[in-house]
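If you're matching positions, the sequence shown starts at 985 in the numbering used here and goes up one per residue. A short worksheet on the structure shown next.
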Amino acid sequence: MTNTATLNRPPLASPPAQRAPLSVQTLIDQALLTTVFQPIAQLDCGLIYGHEALVRGPLGSALEYPDALFSAGREEGLSNELEVHCAMQAIADWSRLKLPGRLLLNMSATALSSAVSEGVAQDRLFVCEDHGICASRLMIELTEHERVADIESLRRAIAVLRRKGVGIALDDFGDGRSSLRLWSEIQPDIVKIDKYFTHDLPDHAEKLQTFRALLQLAETFGAQLVAEGIENAEELRVLRDLGVAFGQGWLIGRPSRDGAREALSGARDVLSSSEIAVLPELRRASSNGVTAERLMMEAVTVTAETTHEQLFRVFNAHEDLHAIAVLNAGQEPVALIDRAQFINRWAKPFFMDLYGRHSCTLFANPTPLIVNADTGIEALTTVLTSADQRYLREGFIIVREGRYLGLGTGEQLVRSVTEARIEAARHANPLTFLPGNIPISQHIGRLLTSGREFVAAYADLNHFKPFNDEYGYWRGDEMIRLVARVASNHCDSQRDFLGHVGGDDFVMLFQSADWEQRCEQIVNGFNELARNLFDAAALQAGGIMAEDRHGDMRFHPCTTLSIGAVRVSPGSLQRAEDVASAAATAKRHAKHEALSVYVMAA
């Protein structure tokens, strides 16, 4: 029997022909590549500085984006030809759009050197008159950061371009392949900083320090910086306030075929605002670059062949020596002899007769502390808390590459660590890790310079000394950290600056419009949580009996917080110390009048 279902079924369609993958040569020959332009803005005024030209392959194809496109170009041996073609097309597309500013073209050092040496740059690439533009409006972004094989060829190529007025930029500096030497060698006009350093910049003090260092380098080399990858208002505000000249990223403008006449509204709002950024501060103590070598004193040495009798004469001739190092033939330390211990032994009866001709290593310390000259002071702080306190008494030996340089003393180490910690505390309070006096003053200065209104608030604890005396410093420190924690929770980290002057004194610099409500929340939040630090008897009584500042026993209510705030209008105060003084006055009013928050005008 015939299967009618089979007879009536339509014939199977032939499978669609497999579309051959596009080649880079085909894209070039058939003009299938397009250019999109991403704007770069001036961060001091918000105007468009120029556009970076970015190539795109056919929409939806495997070669749509640059990474895949240029990888395929390398496989086909067309790297240089592809780069030159993209640059020429970008110039033509850009000239038709009549966009403002400069055009930045991506090229590798290899392709650029080749194009110039073969005459392509002179004959075709930078004959801009054909497009009605000046060569001085063009800038080459060097994208090849790995070791340049022929730096002389690159220099010659750059010299040719500079004579035409073409600028030079270094792309993605800091991406792990970038070269500080290349920056120095080619002296670019612009250095674009990799987006890694921009991402979450307001929350990373080390990135901010990197930008500061790069700004110093740029000033040294006569360049300007472009911060790449700006995606939010906080990043842009920090970069603007740091003094970075230019910015690029999705907040400013996305790549498009038409480019941009102005930055996006979100970026314009930030750049036109007088509100300043709260710059992240490093939260660790710094030794300010002091190393073990800075502690070093030059001192005579002895060898294992030196006898006790000879050693005594050496100590006698050098009364300032606290110890003497014993070296081997290679000038490497093998032991250390403490002066006080040796003299004590020498003074004992019969020591000279018994040990005078013996090697000085007999009673020496064979395991002295040996540190490299480049060791930072902070790394040596373990000596201060070590169970083996002889290191503080006899000191330590300082070496470079294993060879003896000199001696350091425990006294010098204690003094240097103390000085470093005091200096660090001016930058960051060691108890709360909040910014200290110097960052507070710097931020007030920036607020005054900005010309915007702000509020300076001074917070202080009421009846803290009796609490500290009653419960001890440990619980007192807990209460101070509580102030820091509560205040941090109610300050806007992007707009409000919180600093710790010292003790129980805190400074808050508000740009938030709801600053008064925040102050009330801080006071109420602290007053509630601080009760947990008192024992049950004190809570029931409402306070504690303790000596006052005159030594008289009296009743003190539970510790609370007071805040004095001063509105600082533009031009009302000129110096940071004037602001601090006004805030302190407001704080005294708050305490004397038993107010949670006292507000006054500057």
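Backbone N, C-alpha and C define an ideal beta-carbon position, used for all residues, glycine too. The structure presented is a predicted model; accordingly, all values stated were derived computationally and were not measured.
Would the beta-carbon of residue i fall within 8 Å of that of residue j?
| i | j | result |
| --- | --- | --- |
| residue 1382 | residue 1277 | yes |
| residue 1085 | residue 1033 | yes |
| residue 1380 | residue 1390 | no |
| residue 1177 | residue 1209 | yes |
| residue 1175 | residue 1145 | no |
| residue 1326 | residue 1295 | yes |
| residue 1340 | residue 1411 | no |
| residue 1424 | residue 1386 | no |
| residue 1023 | residue 1038 | no |
| residue 1083 | residue 1243 | yes |
| residue 1152 | residue 1173 | yes |
| residue 1093 | residue 1064 | no |
| residue 1443 | residue 1545 | yes |
| residue 1256 | residue 1030 | yes |
From residue i to residue j, what does the alpha carbon distance come to, in whole angstroms?
| i | j | result |
| --- | --- | --- |
| residue 1328 | residue 1305 | 15 Å |
| residue 1446 | residue 1532 | 12 Å |
| residue 1281 | residue 1346 | 25 Å |
| residue 1035 | residue 1563 | 43 Å |
| residue 1415 | residue 1487 | 9 Å |
| residue 1492 | residue 1460 | 21 Å |
| residue 1096 | residue 1013 | 21 Å |
| residue 1468 | residue 1561 | 22 Å |
| residue 1431 | residue 1074 | 43 Å |
| residue 1427 | residue 1197 | 19 Å |
| residue 1220 | residue 1481 | 18 Å |
| residue 1571 | residue 1429 | 21 Å |
| residue 1199 | residue 1163 | 16 Å |
| residue 1476 | residue 1046 | 45 Å |
| residue 1247 | residue 1558 | 34 Å |
| residue 1623 | residue 1464 | Since the first and last residues shown for the chain are 985 and 1586, residue 1623 lies out of range. |
| residue 1150 | residue 1123 | 5 Å |
| residue 1517 | residue 1585 | 35 Å |
Quickly, what does DSSP pair residue i with across the bridge? List them, please.
| i | result |
| --- | --- |
| residue 1537 | 1531 |
| residue 1583 | 1549 |
| residue 1382 | 1355 and 1390 |
| residue 1596 | Only positions 985 to 1586 of the chain appear in the structure, and residue 1596 is not among them; the question remains open. |
| residue 1125 | 1090 and 1153 |
| residue 1349 | 1320 |
| residue 1038 | 1020 |
| residue 1419 | 1412 |
| residue 1194 | Paired residues: none, contrary to the question. |
| residue 1285 | 1309 |
| residue 1208 | 1174 |
Take the Cβ of residue i as the centre, count every other Cβ of all protein chains shown within 10 Å, and call the residue buried at 16 or more, exposed below.
| i | result |
| --- | --- |
| residue 1275 | buried |
| residue 1167 | buried |
| residue 1284 | exposed |
| residue 1358 | exposed |
| residue 1322 | buried |
| residue 1245 | exposed |
| residue 1121 | buried |
| residue 1395 | exposed |
| residue 1457 | exposed |
| residue 1352 | buried |
| residue 1450 | buried |
| residue 1542 | buried |
| residue 1070 | buried |
| residue 1332 | exposed |
Cutting at 6 Å between CB atoms, please list the residues of its own chain near residue i, excluding the five before and the five after it.
| i | result |
| --- | --- |
| residue 1268 | Confidence at residue 1268 is low in this model, with a pLDDT of 43, below 50, so its placement is unreliable and the value that follows should be read with caution. Contacts found: none. |
| residue 1078 | 1087 |
| residue 1090 | 1125 and 1127 |
| residue 1505 | 1474 |
| residue 1233 | 1213, 1214 and 1215 |
| residue 1439 | 1494, 1499, 1549 and 1551 |
| residue 1225 | 1260 and 1261 |
Could you name the residues of the same chain whose beta carbon sits closer than 8 Å to that of residue i, not counting the 5 residues immediately before and after it, in chain order?
| i | result |
| --- | --- |
| residue 1042 | 1006, 1011, 1016 and 1048 |
| residue 1290 | 1298, 1310, 1343 and 1344 |
| residue 1509 | 1470, 1473 and 1474 |
| residue 1312 | 1287, 1288 and 1318 |
| residue 1227 | 1199 |
Leaving out five residues before and five after residue i in sequence, what residues of the same chain have Cβ atoms less than 7 Å from its Cβ?
| i | result |
| --- | --- |
| residue 1187 | 1264 |
| residue 1183 | 1213 |
| residue 1496 | 1476, 1479, 1480 and 1502 |
| residue 1239 | 1020, 1021, 1022 and 1038 |
| residue 1515 | 1523 and 1542 |
| residue 1258 | 1434, 1435 and 1436 |
| residue 1202 | 1175, 1208 and 1209 |
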